[in-house]
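Structure first, commentary second.
So, in structure tokens, the structure goes:
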């Protein structure tokens, strides 16, 4: 292999960087973390022009022999499906680290915090790049460790409870997936009469027998449903999102939840297409219920961080629905919406953190009129809120429109009901924005004190906050006006998934066609 | 043929970006020049486009520019393109022309406001979004403009955002408008299915296409009806038709120039534009036009009745706008699409002027909006008074003012439709006549109560600058009256002239506008037919009767205070707006919130607890070791997981061999 192993570098740079962070002086750790994330992002961005947009299939492929007798290989590759997720991960990790300035002041533990954030980023890059199902699983499990510790060690008052719940939910899902991974290799290899393998392109070529698809679908979807927060498997999410420090939540909701959608598109849809269609009524119904149910929960939440947790879950339901539409529009929508949702939800949690840092509480009822003193924060908040409610012209619209359209085309009842969410979405986002920024100033309480300058000057955006928010807001505009930037490069991968799922019976068994 | 449409959009966009980023630091004069200048540039370009368009044959008056590919997904491919045709040309002229006058008016009206720069930035943004709405060449970018004007409306209704009532009104307007966006989204999804992914007007509506495909050949009747009705949901929300009208009266919380521009002259007419634009889809599903007729007739009458009892000067005009929009839709329902657009144009002139006059009165009285506290302003505000009368006569459709020609074109179209359509259309015509009478009544009630008799309000505080106070004797309650300056009055005079002669656009015999619009928006009636003259006479008589009743009750400037005592239940019913707002609150908003809370306690809290309860003992034992969790638990967990994996793996490999 003479080619520069850029994919391995993208995966292992943050992981090695994490180890180095532990050895650095306290004051250097924050800067080091940002530097590592920045380089990782630069490498991920460099892949975008280097990848051939027209060609389907993996590029920059890397192979290494590793436990070949167990069918486990070290294999990485990138295609249109994973291309932008690498940059998303790099970007959200970077802005989350920049916004972790308060955490960076927390003394000795800063090194651990930075190391865990980098480890999480590296594990997620691994998930997005692995082309061997077992390697995918290893990175999947590796994500859990730093995520759990970040919630459990650096979170709010109920962090221990939230962290345990997070681990329990994901561990149950992961164990079922592990059984699925092994069963998948066994079924395919015995059916095709070849030796045990978990190499994804090989599995795709051999095909999975229809009789085994149902049970394998359920095993993998157990993990993906939990991690994507599909109703009713979302029990861990609101607590974890509320208790984790905001930059961690930005990464968990913005990127980690996407690994589940990625798994559906990378593994479930092409390998179990028959089961996908069989279970569409079930998953589609759960997605639609979740979309509307979480929107209603957001509508009545009093803690604005919890409100955002439900906002995130509701929009994740739209992505799941797009995936299960299994047509070009739905899948294309899901792929680009993963990126758009990640950008928006990260920005929203960072803005929530900026508000909480200034006032010290999160209860909406205590707020009002902050825009009078914080015009730039209010502007950033309004733009992000409008993007979140799906305003046409901003980035979320393109993805959700395609996902709704795809679902509507398959079954207008699902698509129509899901599209209804735009109404409560406008309602809850404006309730949040106006509740904090507009209306009459409260006469007493923390906001009144802050407005009166009782605890020092109420300052508008600090430079760290500017730095974190500007790239996100720029992308909200850019990807809203030029979404073809994304769709042009994801088209081939989308077509590949659609084609794979249209083969109702796998080629290995052989049919008379028709 | 010229197509300068991209630049017509670009000008106000540049204004918005420049003022939004740097406006805070700029002096007021610069802000005013930028804010008004970019709209004037837009207007000049629109005029240039029109002149160039008039120079070519009617069949070639369509031009389309594609700027970039917005999105691709399988068979779905949407470019960002702009269309220039007679209908968009008329709309662009109204939006930039009336828009420019209202921008100039705003210089005077908002002169003392600390948010002066923000106001002009938002106004420019509105003009940008509205020009996009009318110039888009496909339904998706129509939706982008559609939502954009909704956002502009939200920003401007809530301009004084620390007022809780303004913030609430802004939110209400936005959410109700999103219901319309939902309708438009569903319509787009249905069109996507029917036209195999195409959403452009050329394919779907046959605009500028020699071989237009009949909608009935691409989709079954049920789908066509669903498309037309979902489009009308969007139109009804934007144009405040029943039952999606509830946001418009509350929108009067915004500054008065906003009411004139967005909530009278331009944005609220977007629905009328949409129905005219998509008229081939509506006529392909005739049932949809019956629905439009019923909703529009009901709205026109409903809103006029409420306008008769309101005492807030701006709310009277808001209900009047609803009612007039109902007229426009009635004309379209009867097949008179060009009549609907004609009334849209004249209404933009005289309703913008009515709001500007109201604004001048409110400005003069230091913010007072209750007509019971006005009266006797005829001599002090003579210019405003006469302009109010001109625009009032135009609204009431009195010969020869603009509204006379346009409203009676609509009534004539309905009468024409009734000769073939049957009793239902005669009933609609009757509603139209009755509403014409109510219109004459409510607008002259407003004028008489405001300007006639004696002043009934509290003394007006002295003018802010002192520069243009009315002066006068000591003890005069109107001594501090703030007389409108040139920035306010100049645009009003222009609109006054247009309200007077605007009917000349489409006079019987010349038919300039309907001939110009004919390829884009057909008309239903020959303006020279006998039927039209009968209709003109009937409409005029009804309006005069309404004015006469207003004169008899309020001609001496009587305050409308005693209405409740005299009419009782009916007036209360009207004051409560037919209880529609209460119905919304009781039947929709509260139940949704109650349902959400029920789900929180009944489902969500249980789901959240299931992690600990469902896994019972596991959690119990783990919580016991909580304090040492960083070390013990995690290592054990990871170890167990990997050991388990290895065991299972070995087992399967053994089995499979």
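Protein chains in written order, with this note's numbering: chain A, 1 to 514; chain B, 515 to 1171.
From the three backbone atoms N, C-alpha and C, an ideal C-beta is built for every residue, glycine too.
If we count the other Cβ atoms within 10 Å of its Cβ and call it buried at 16 or more, is residue i buried or exposed?
i, result
"residue 17 of chain A", "buried"
"residue 828 of chain B", "buried"
"residue 1104 of chain B", "exposed"
"residue 1093 of chain B", "exposed"
"residue 1134 of chain B", "The predicted model places residue 1134 of chain B with a pLDDT of 49, which falls under 50 and marks its position as unreliable, so this point remains unresolved."
"residue 924 of chain B", "buried"
"residue 1141 of chain B", "Confidence in residue 1141 of chain B is poor, its pLDDT being 42 and thus under 50, which makes the residue's placement unreliable; the coordinate value appears in the next sentence. Exposed, since its Cβ has fewer than 16 Cβ neighbours within 10 Å."
"residue 462 of chain A", "exposed"
"residue 389 of chain A", "buried"
"residue 884 of chain B", "exposed"
"residue 1130 of chain B", "The predicted model places residue 1130 of chain B with a pLDDT of 47, which falls under 50 and marks its position as unreliable; any figure quoted below should be read in that light. By the neighbour-count rule (16 or more Cβ atoms within 10 Å), residue 1130 of chain B is not buried but exposed."
"residue 315 of chain A", "buried"
"residue 556 of chain B", "buried"
"residue 1 of chain A", "Model confidence at residue 1 of chain A stands at a pLDDT of 44, short of 50, so the residue's coordinates are unreliable; what they give is reported in the following sentence. Exposed, by the Cβ-count rule."
"residue 376 of chain A", "exposed"
DSSP puts residue i in a beta bridge; with which residues?
i, result
"residue 592 of chain B", "B:585"
"residue 363 of chain A", "A:303"
"residue 392 of chain A", "A:394"
"residue 579 of chain B", "B:596"
"residue 884 of chain B", "B:826"
"residue 340 of chain A", "None; residue 340 of chain A has no bridge partner."
"residue 571 of chain B", "None; residue 571 of chain B has no bridge partner."
"residue 132 of chain A", "A:199"
"residue 652 of chain B", "B:714"
What are the boundary residues of the alpha helix (DSSP H) that includes residue i?
i, result
"residue 1111 of chain B", "1104-1113"
"residue 742 of chain B", "735-752"
"residue 414 of chain A", "412-419"
"residue 633 of chain B", "630-649"
"residue 259 of chain A", "257-263"
"residue 448 of chain A", "446-452"
"residue 1096 of chain B", "1094-1098"
"residue 20 of chain A", "6-23"
"residue 101 of chain A", "101-104"
"residue 1176 of chain B", "Here chain B covers residues 515 to 1171 and nothing more, so residue 1176 of chain B does not appear."
"residue 482 of chain A", "Where residue 482 of chain A is concerned, there is no enclosing alpha helix (DSSP H), given that its DSSP letter is neither H nor E."
"residue 789 of chain B", "784-791"
"residue 38 of chain A", "26-50"
Assuming residue i is part of the beta strand (DSSP E), what are its boundary residues?
i, result
"residue 61 of chain A", "59-65"
"residue 850 of chain B", "Where residue 850 of chain B is concerned, there is no enclosing beta strand (DSSP E), given that its DSSP letter is neither H nor E."
"residue 76 of chain A", "73-78"
Residue i versus chain D: which residues are under 7 Å apart at the beta carbon?
i, result
"residue 398 of chain A", "Annotation note: the requested chain D is absent from the structure, which comprises protein chains A and B."
field: chain A contacts from the stretch 660-684 of chain B (Cβ-Cβ distance under 7 Å)
entry: 661, 662, 665, 672, 675, 676, 678 and 681
- request: Would you list, in chain order, the members of the stretch 1099-1118 of chain B that have their beta-carbon closer than 9 Å to a beta-carbon of chain A?
  value: Close to chain A, meaning a Cβ-Cβ distance shorter than 9 Å, are the following residues of the stretch 1099-1118 of chain B: 1106, 1107, 1109, 1110, 1111, 1113, 1114, 1117 and 1118.
- prompt: Given a limit of 7 Å on CB to CB distance, which residues of the stretch 414-425 of chain A reach chain B?
  reply: 415, 416, 419, 420, 422 and 423
task: Within the stretch 274-335 of chain A, note down every full beta strand (DSSP E) run reaching 3 residues or more, in order along the chain.
output: none
- request: Name, going along the chain, the residues of the stretch 572-587 of chain B whose beta-carbon falls closer than 8 Å to a beta-carbon of chain A.
  value: Only 582, 583, 584, 585, 586 and 587 from the stretch 572-587 of chain B bring a Cβ to less than 8 Å from some Cβ of chain A.
message: If the cut-off is 7 Å on Cβ atoms, which residues from the stretch 703-737 of chain B count as contacting chain A, listed in chain order?
response: Residues of the stretch 703-737 of chain B with a C-beta atom less than 7 Å from some C-beta of chain A are 703, 706 and 707, listed in chain order.
query: Counting only runs that start and end within the stretch 1030-1075 of chain B, where is the beta strand (DSSP E) found for 3 or more residues in a row?
result: None, since the stretch 1030-1075 of chain B contains no complete beta strand (DSSP E) of that length.
Ordered list of beta strand (DSSP E) runs contained in the stretch 180-233 of chain A, each at least 3 residues: The stretch 180-233 of chain A contains no whole beta strand (DSSP E) run of 3 or more residues.
message: For the stretch 275-302 of chain A, list every residue whose C-beta sits within 8 Å of some C-beta in chain B, in sequence order.
response: Correct list: 293, 296, 297, 299 and 300.
- request: Could you name the residues of the stretch 589-619 of chain B whose beta carbon sits closer than 8 Å to any beta carbon of chain A, in the order they occur along the chain?
  value: 589 and 590
Selection of the stretch 545-563 of chain B by Cβ proximity to chain A, strictly under 9 Å: none
- request: Output, in sequence order along the chain, the residues in the stretch 429-443 of chain A whose CB is closer than 8 Å to any CB in chain B.
  value: Correct list: 430, 431, 434, 437, 438, 439, 440 and 441.
task: Give, in chain order, every residue of the stretch 899-932 of chain B whose Cβ lies closer than 9 Å to some Cβ of chain A.
output: So the list is empty, because no residue satisfies the distance condition.
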